[in-house]
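A.B. asks: I'd like to ask some things about the structure below.
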Amino acid sequence: MLVEFLRAARRSGIAVSVAESIEAFAAVDLIGYDDRVTVKDALRLVIAKSDDERERFDECFERFFGVGSLGMGPDDGVAFDVVDVVPVDLEELFDSPLAKLLLDDDRAELIRRLHAAAAEIDVASVRLFTQTNQFARRILEAMGIEALDAAIARLRASGNPERERMADFLELRRRAVAELARDLVERRLAASGGGEADRMHDEFLQDARLVNVDRRDLLRMRVLVRAIGRKLASRYGRTRTHAKRGHLDVRRTIRRSLPFDGVPFRTHWKRRKIEKPRIVLLCDVSGSCAPLAHFLLLFAYSLSEAFSDIRSFAFATSMIEVSEILETQTIDDAIAQIMRQIGYQSSDYGRAFATFDKDFMDAIDRKTTVVVLGDGRTNYHDPRVDVLRRVYERARRVVWLNPEHRVAWGMDDSEMLRYLPYTHVARVCNRLRHLEDVVTELVKSR
Amino acid sequence: MTDAVRPDIGSIEAVEAGLVAANYICNRQTATAIYLAQHLRKPVLVEGPAGVGKTELARATAQYLGLPLIRMQCYEGLDESKALYEWKYGKQLLYTQILKDTYGASLRGVETIGEALEKIGEFDDVFFSEQFLEARPLLAALRQEHGAVLLVDEIDKSDQEFEAFLLEILSDYQVTIPEIGTISTTVPPLVVLTSNDSRDLGDALKRRCLHLHIGYPDAKLEERIIDVRVPGVEDRLRAQLVAFVQKMRTFELKKLPSVSETIDWARALVLLHVTELDGDAIRDTLNILLKYESDIESMKRHVSSILTAVN
Chain E
795 MLVEFLRAAR RSGIAVSVAE SIEAFAAVDL IGYDDRVTVK DALRLVIAKS
845 DDERERFDEC FERFFGVGSL GMGPDDGVAF DVVDVVPVDL EELFDSPLAK
895 LLLDDDRAEL IRRLHAAAAE IDVASVRLFT QTNQFARRIL EAMGIEALDA
945 AIARLRASGN PERERMADFL ELRRRAVAEL ARDLVERRLA ASGGGEADRM
995 HDEFLQDARL VNVDRRDLLR MRVLVRAIGR KLASRYGRTR THAKRGHLDV
1045 RRTIRRSLPF DGVPFRTHWK RRKIEKPRIV LLCDVSGSCA PLAHFLLLFA
1095 YSLSEAFSDI RSFAFATSMI EVSEILETQT IDDAIAQIMR QIGYQSSDYG
1145 RAFATFDKDF MDAIDRKTTV VVLGDGRTNY HDPRVDVLRR VYERARRVVW
1195 LNPEHRVAWG MDDSEMLRYL PYTHVARVCN RLRHLEDVVT ELVKSR
Chain D
9 MTDAVRPDIG SIEAVEAGLV AANYICNRQT ATAIYLAQHL RKPVLVEGPA
59 GVGKTELARA TAQYLGLPLI RMQCYEGLDE SKALYEWKYG KQLLYTQILK
109 DTYGASLRGV ETIGEALEKI GEFDDVFFSE QFLEARPLLA ALRQEHGAVL
159 LVDEIDKSDQ EFEAFLLEIL SDYQVTIPEI GTISTTVPPL VVLTSNDSRD
209 LGDALKRRCL HLHIGYPDAK LEERIIDVRV PGVEDRLRAQ LVAFVQKMRT
259 FELKKLPSVS ETIDWARALV LLHVTELDGD AIRDTLNILL KYESDIESMK
309 RHVSSILTAV N
């Protein structure tokens, strides 16, 4: 039972290691199976490792050990007093223990047998919705439903009204049991199938083109983007701390020891200098990029959470600084506000760059990495390539992320090819995966 | 396993009652975690927003089990010499100076350098013995005879290297000091790690721990907490202020008021002889609950509406 649950948990996307399985057994051994809530608490403590997993765990647990497995179907009003009237040890029932069980109304035992039968036919291997009936039938067979059917038929054939009433009763109970079996299979199916579907969906989202992502996937997407942000934050944290340790810088130590007669009194350590990535982000939110702008801003938001030294600008016809909005507001407000201020205008890279040149050029020094998110479509205005060239000369790196495919660069009003010489890296970026790749590069390779 | 089990932790209920006796009100989940940690000998990793009593849990557990609490605050740059052990360099130096004459005496008559080295080697062992060992929190916890509660506070603030190092200790409850040998423990300490989730912890560490998430308590639990921690509050005020804080947590704020803030607030209200919440009293004391100026400003506008909802 527990093994099966762990399998289901794994399939619903919780990483359960072998060690954790052993822990889970030890924990349940310790506290016993008596109290459902306690079992759930204990298993959750052992297995679920993050908020996300806790949520999945709760869901999975409810599906798997749902309350339904403890109660019989709706009571159909058939009186149990038949048992009093008819002696239970009827010879018709001898060969069907199931029938006896139903007459005794021993529900706990019934549920136990149901689960035993389910384990016997390996119900956890159910994968497809269409298999439900088949698996339910096999459970019933394993419980001895055929013998029960035979017993019912014999009772009916007896002609005795009392026995026929008993047959009616058994018939009803049989239906309830069949219902329970189906229920069980369905729950298992849900427990095992759900996670896999989710994961596939996530993968699909990572690969899906940002424009095509459905609105209802936005939330999910947001979680993914933030996850990338967090990942970067922790990775970045690591590179910074590496600088703190160091090897002894022998040459300097010796030189410093000269005033002390060559006694290495003061040691000097080698330090790898790590420069914090200073990022200037230019994000196109014009009409042509609008479907993407949302995600680009979302990404900008995650980045400003992950990095401390980041300045963000949004532009369409003109350019404004949005660092503060991104930093102080919640994500929805921030995006809404930015879009309200300048979103959906037609893009004019020339004017936007001119504004940047005039007002914000001093944001860029030789340590800065400039990231431009945009399609480079200028609506036939002057692209002001010269501004970008100056940025290129000042900055450490200029990265241009273009949502359009390479083929489209330079077609119509796209001035991408003219901007291209003044970028260190120019990439197609219309998938989440691309964003991740680029940012990883931003962090490490310098 | 039985040798580590004390009679007073026989069941989850007992743990819960024990924590209550140590002035710590918790839900069943938390009690289960402590119970399992004690019996499975696993560290507990406590996560949750600031001020919900993560550190307090370790303190209460120590009090309840009657064990010393050894606390280690993590920060960036924390390393073995600060967490595990260090040699008492000063003492070593001092002793060598004092014992100089003894040295001289025993080295007299030595002919070759090889012999002298051998002699000195004998002293060496003396100076790197436990006598000169400065035990830092981790080692101190391992050396406690009857076990201890080791609180590793804010593990997410430490470096990843340190996290890996901690793993070794958490899995075996033993450390190796090259000069002395392996020091293992008789009774492993109960380890409580807390994290504010400022970065993702390594998977290896996560796998070795029980995960306890403490969130904001519900109204009933919070009232009980206030009842225990701030005895002077009258029932009506308590219900009011808890309801107020609960309501406040539904707003979008930079930093939501936590249990510790509720406790502080209740204390302040008692000090100010407030017997019933009103708009002015709240506005005057709002800075106890909220830590950001912008939060306070935005909340001031809602005070009266929340107040009517609460009443």
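Heads up: the protein sequence lines correspond to chains E and D, in order. Take 795 as the starting number for the first sequence in the working numbering and just add one per residue. Take 9 as the starting number for the second sequence in the working numbering and just add one per residue. Yeah, the Cβ is synthetic: ideal placement off N, Cα and C, and Gly gets one too.
Does any residue of chain E have a CB that is nearer than 9 Å to the CB of Gln37(D)?
C.D. replies: yes
A.B. asks: By DSSP, does His219(D) sit in helix, in strand, or in coil?
C.D. replies: strand
A.B. asks: I think Lys108(D) touches Phe140(D), with their Cβ atoms under 8 Å apart; what is that distance to the nearest whole Å?
C.D. replies: That pair is no contact at about 17 Å.
A.B. asks: Closer than 9 Å, Cβ to Cβ, to anything on chain D: give me those residues from the region 838-849 of chain E, in chain order.
C.D. replies: Arg838, Leu839, Val840, Ile841, Ala842, Lys843, Ser844, Asp845, Glu847 and Arg848
A.B. asks: Per DSSP, what are the beta-bridge partners of Leu141(D) in this structure?
C.D. replies: Trp95(D)
A.B. asks: From this set, Glu21(D), His47(D), Asn35(D) and Tyr32(D), which residue's C-alpha is nearest Glu817(E)'s C-alpha?
C.D. replies: It is His47(D).
A.B. asks: Closer than 9 Å, CB to CB, is Ile825(E) near chain D or not?
C.D. replies: At a cut-off of 9 Å between beta-carbon atoms, Ile825(E) makes contact with chain D.
A.B. asks: Give me the residue from Lys62(D), Tyr72(D) and Arg49(D) with the minimum Cα distance to Leu23(D).
C.D. replies: What sits at residue 23(D) in the sequence shown is Val, not Leu. Per the Cα distances, Tyr72(D).
A.B. asks: Can you grab the Cα-Cα spacing for the pair Ser890(E) / Arg907(E), in whole Å?
C.D. replies: When rounded, the distance between both Cα atoms is 14 Å.
A.B. asks: At 4 residues or longer, and completely inside the region 817-841 of chain E: list those alpha helix (DSSP H) runs for me, N to C.
C.D. replies: 830-841
A.B. asks: So with CB distances below 7 Å, who are the chain D contacts of Phe912(E)?
C.D. replies: Inspection of the sequence shows that residue 912(E) is occupied by Ala rather than by Phe. In chain order: nothing, as chain D lies at least about 28 Å away.
A.B. asks: Please indicate yes or no: does the CB of Leu1075(E) lie closer than 8 Å to some heavy atom of the ligand MN?
C.D. replies: The ligand MN is not among the ligands present in this structure, which contains no ligands whatsoever.
A.B. asks: Taking any Cβ of chain E, which residues in the region 198-219 of chain D have a Cβ under 7 Å from it, in chain order?
C.D. replies: Taking 7 Å as the Cβ-Cβ cut-off, the region 198-219 of chain D approaches chain E at Arg207, Asp208, Lys214, Arg215, Leu218 and His219, given in chain order.
A.B. asks: By how many angstroms is the C-alpha of Asp1142(E) removed from the C-alpha of Ile233(D)?
C.D. replies: 60 Å
A.B. asks: Residues of chain D with CB under 8 Å from Ala820(E), in chain order?
C.D. replies: Leu48
A.B. asks: Whose Cβ in chain E lies nearer than 7 Å to the Cβ of Thr40(D)?
C.D. replies: Thr832, Asp835, Ala836 and Leu839
A.B. asks: Excluding the 5 residues preceding and the 5 following Ser1176(E) in the sequence, name in chain order all residues of the same chain whose CB lies nearer than 8 Å to its CB.
C.D. replies: Correcting the residue type first, residue 1176(E) is Asp in the shown sequence and not Ser. Result list for Asp1176(E): Gly1144, in chain order.
A.B. asks: Pick out whichever of Ser266(D), Ser312(D), Ala149(D) and Ala276(D) has its Cα sitting closest to the Cα of Ile222(D).
C.D. replies: Selected option, being the one with the closest Cα: Ser266(D).
A.B. asks: Among residues of its own chain, excluding the 5 on either side of Ser863(E), which ones have a beta-carbon nearer than 6 Å to its beta-carbon?
C.D. replies: Summary for Ser863(E): the model assigns pLDDT 42, below 50, so the residue's position carries little reliability; its value from the coordinates is reported in the next sentence. Around Ser863(E): no qualifying Cβ.
A.B. asks: Is the region 39-55 of chain D in contact with the region 233-247 of chain D, if contact means three or more CB pairs nearer than 8 Å?
C.D. replies: Contact between the region 39-55 of chain D and the region 233-247 of chain D is absent: fewer than 3 CB-CB pairs across the two stretches fall below 8 Å.
A.B. asks: Compute the distance between the beta-carbons of Ile1158(E) and Arg1188(E), then report whether it is under 9 Å.
C.D. replies: For the 9 Å CB-CB criterion, Ile1158(E) and Arg1188(E) form a contact.
A.B. asks: Should Met1155(E) be labelled buried (16 or more other beta-carbon atoms within 10 Å of its own) or exposed?
C.D. replies: exposed
A.B. asks: Hey, could you find the ends of the beta strand (DSSP E) Phe1109(E) is sitting in?
C.D. replies: Ile1104 to Phe1109
A.B. asks: Are the C-beta of Ala1130(E) and some C-beta of chain D separated by less than 9 Å?
C.D. replies: no
A.B. asks: Mapping DSSP to helix, strand and coil, what is Gly74(D)?
C.D. replies: coil
A.B. asks: Just mark Tyr1174(E) as buried or exposed, buried being the case when its beta carbon has 16 or more other beta carbons within 10 Å.
C.D. replies: Of the other Cβ atoms in all chains shown, fewer than 16 fall within 10 Å of the Cβ of Tyr1174(E); this residue is therefore exposed.
A.B. asks: Anything in chain D within Cβ reach of Ala813(E), meaning under 7 Å, just list it in chain order.
C.D. replies: For Ala813(E), the neighbours in chain D by C-beta distance under 7 Å run, in chain order, Arg215.
A.B. asks: Going by C-alpha to C-alpha distance, which of His1218(E), Asp1231(E), Tyr1186(E) and Arg1171(E) sits closest to Ala1202(E)?
C.D. replies: Arg1171(E)
A.B. asks: For Glu1118(E), which option in Phe1107(E), Thr1111(E) and Ser1112(E) has the closest C-alpha, if you only look at C-alpha atoms?
C.D. replies: Phe1107(E)
A.B. asks: Just to confirm, is the Cβ distance from Glu814(E) to Arg67(D) under 9 Å?
C.D. replies: no
A.B. asks: Should Val744(E) and Phe1147(E) be called a contact, given that it needs their Cβ atoms to be closer than 9 Å?
C.D. replies: Outside the displayed span of chain E (795 to 1240) sits residue 744(E), for which this structure offers no information.
A.B. asks: Less than 8 Å between C-beta atoms, sequence neighbours within five positions excluded: which residues of the same chain meet that for Asp870(E)?
C.D. replies: The pLDDT assigned to Asp870(E) is 37, lower than 50, so where the model puts this residue is not dependable; a value taken from the coordinates is nonetheless given after this. For Asp870(E), the CB contacts under 8 Å within the same chain, skipping 5 residues up- and downstream, are Leu966 and Ala970 in chain order.
A.B. asks: What are the residues in the region 1109-1124 of chain E lying within 9 Å of chain D by C-beta distance?
C.D. replies: Thr1122 and Thr1124
A.B. asks: For Pro1053(E), count the other beta carbons within 10 Å of its own beta carbon; 16 or more makes it buried, fewer makes it exposed. Which is it?
C.D. replies: exposed
A.B. asks: Could you tell me whether the Cβ of Tyr181(D) comes closer than 9 Å to any Cβ of chain E?
C.D. replies: Not flagged as an interface residue toward chain E: Tyr181(D), since no C-beta distance is shorter than 9 Å.
A.B. asks: Starting from Ala1220(E), trace the beta strand (DSSP E) in both directions and tell me its first and last residue.
C.D. replies: Val1219 to Val1222
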